[in-house]
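Protein sequence lines correspond, in order, to chains A and B. When we follow the numbering used here, the leftmost residue of the first sequence carries the number 5, and every step to the right adds one. When we follow the numbering used here, the leftmost residue of the second sequence carries the number 166, and every step to the right adds one. The structure under discussion appears below in the form of structure tokens.
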Amino acid sequence: RKEVEQDPGPFNVPEGATVAFNCTYSNSASQSFFWYRQDCRKEPKLLMSVYSSGNEDGRFTAQLNRASQYISLLIRDSKLSDSATYLCVVNRGGATNKLIFGTGTLLAVQP
Amino acid sequence: GAVVSQHPSRVICKSGTSVKIECRSLDFQATTMFWYRQFPKQSLMLMATSNEGSKATYEQGVEKDKFLINHASLTLSTLTVASAHPEDSSFYICSARDRARANYGYTFGSGTRLTVV
Numbered sequence: 005r006k007e008v009e010q011d012p013g014p015f016n017v018p019e020g021a022t023v024a025f026n027c028t029y030s031n032s033a034s035q036s037f038f039w040y041r042q043d044c045r046k047e048p049k050l051l052m053s054v055y056s057s058g059n060e061d062g063r064f065t066a067q068l069n070r071a072s073q074y075i076s077l078l079i080r081d082s083k084l085s086d087s088a089t090y091l092c093v094v095n096r097g098g099a100t101n102k103l104i105f106g107t108g109t110l111l112a113v114q115p
Numbered sequence: 166g167a168v169v170s171q172h173p174s175r176v177i178c179k180s181g182t183s184v185k186i187e188c189r190s191l192d193f194q195a196t197t198m199f200w201y202r203q204f205p206k207q208s209l210m211l212m213a214t215s216n217e218g219s220k221a222t223y224e225q226g227v228e229k230d231k232f233l234i235n236h237a238s239l240t241l242s243t244l245t246v247a248s249a250h251p252e253d254s255s256f257y258i259c260s261a262r263d264r265a266r267a268n269y270g271y272t273f274g275s276g277t278r279l280t281v282v
């Protein structure tokens, strides 16, 4: 079983749609959580950190359920420019703070 | 802030040659940097953790004699792919974190696309 699991998609949605991505992690000692966005053939870029209380940044809402070891990302009013791969990322914690990446979920927003 | 510069962005080399990739933190000091590899349509796989002034820590299955890491200063880590072969062709990415901006997560270099022919 992978340490961080995501539905690879693709998610094909029309502009304006709301789309939700889910992610589960297996290491209960994981300390911090992020969503990154990766465009084709580019490096990942931080979209947002994820907190237990839930957090929102414009059209993006992230939530964390530590008991279920589950992370989500909700995108409202999808734009064409949201098309990318969304990576669920978990920090293992400990002395080295390693980031472990999910396989990513591909989102394609259609006009 | 928190910029990581990676160079070169693209390398094409012959089988058997060694390739050196540099990763620099431009506006912060990074005692730890991470090296990842990404094959097409796959996620980033952590290869090793680079520690300033000490030996790198390699993930299981990564050959330390094949992927040589040097972290000689607080702003520079290098990855050398020794005697590269076609199966080493991949997208290599480094990352680092500015501890002063911990909530901003990790910053990634722009990646190096290595093609071994």
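Ideal Cβ placement from N, Cα and C applies to all residues, glycine included.
- By the rule that beta-carbons nearer than 7 Å mark a contact, L103/A touches chain B.
- Secondary structure at D61/A: strand, using DSSP grouped into helix, strand and coil.
- In this model, T109/A and A71/A are separated by some 23 Å (Cα to Cα).
- Going by DSSP, R202/B is part of the beta strand (DSSP E) stretching over T197 to Q203.
- Judged by their CB atoms, G20/A and D81/A are nearer to each other than the 7 Å cut-off.
- In the three-state scheme derived from DSSP, where H, G and I count as helix and E and B as strand, L84/A is classed as helix.
- For the C-beta of F199/B, the chain A residues within less than 8 Å are, from N- to C-terminus, K102 and L103.
- Proximity of chain A to L211/B at the Cβ level (cut-off 9 Å) is accounted for by K102, L103, I104 and F105, in chain order.
- Nearest neighbour of F256/B by Cα position, chosen from G181/B, R189/B and K206/B, turns out to be K206/B.
- Shortest Cα-Cα distance from C92/A to any of E47/A, V54/A and S85/A involves V54/A.
- Within 9 Å of the CB of L91/A, the CB atoms of chain B belong to S208 and L209, in sequence order along the chain.
- Sequence-distant partners of E224/B (beyond 5 residues in either direction) whose C-beta falls short of 7 Å from its own C-beta, in its chain, are L211, M212 and A213.
- F232/B does not reach chain A, its nearest Cβ partner there being about 16 Å away, counting only Cβ pairs nearer than 8 Å.
- According to the DSSP secondary-structure assignment, V227/B is paired through a beta bridge with no residue.
- If you draw a straight line from the Cα of T240/B to the Cα of V168/B, it comes to about 11 Å.
- With three or more CB-CB distances shorter than 8 Å, the segment 237 to 253 of chain B counts as touching the segment 179 to 189 of chain B.
- The beta carbon of L68/A lies closer than 7 Å to those of F37, V54, Y55, S56 and I75 in the same chain, with the five residues before and after it left out.
- In terms of beta-carbon proximity, P48/A lines the interface with chain B, with at least one pair separated by less than 7 Å.
- With contacts defined as CB atoms closer than 7 Å, S170/B and M198/B fail to qualify as a contacting pair.
- Interface criterion not met: the Cβ of G58/A is under 7 Å from no Cβ in chain B.
- Inter-residue distance for R63/A and I186/B is about 37 Å (C-alpha atoms, whole angstroms).
- Among the residues of chain A, none has a CB under 8 Å from the CB of I186/B; the nearest is roughly 13 Å distant.
- In this structure, the straight-line span from the alpha carbon of V8/A to that of G276/B is close to 22 Å.
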